[in-house]
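Have a look at the structure below before the remarks.
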Amino acid sequence: CFPAFHDTDTSIGKKIEEKYGLSEMEVTDEVFESSQSVVFQEAENRMHTIKAIMA
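Using my numbering, the first residue of the sequence shown is number 312, and each one after it goes up by one.
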């Protein structure tokens, strides 16, 4: 199963929809885990926020 992208309410989602006319898409593991992927950056930002709230 490929990771999927379905949220056009985010800034990245809006850019993809405007540029390519896609409101959803599936990506390969290579794309999902690449150095240009923002998925893990977003998750890391969330982790730091949660840690700050719990402290």
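Glycine included, C-beta positions come from ideal geometry on N, C-alpha and C.
The model shown is predicted, which means the values in this text are computed figures rather than measured ones.
Which of helix, strand or coil DSSP assigns to Glu335: Looking at Glu335 - three-state DSSP - the assignment turns out to be coil, as it is neither helix nor strand.
Of the listed residues Asp318, Glu355, Ala363 and Gln347, nearest to Glu337 (C-alpha basis): Asp318
Cα-Cα separation between Lys330 and Ile323, rounded to whole angstroms: Straight-line Cα distance between these residues: approximately 11 Å.
Simplified DSSP state of Ala366, which is helix, strand or coil: coil
Three-way DSSP call (helix, strand, coil) for Thr319 in this model: coil
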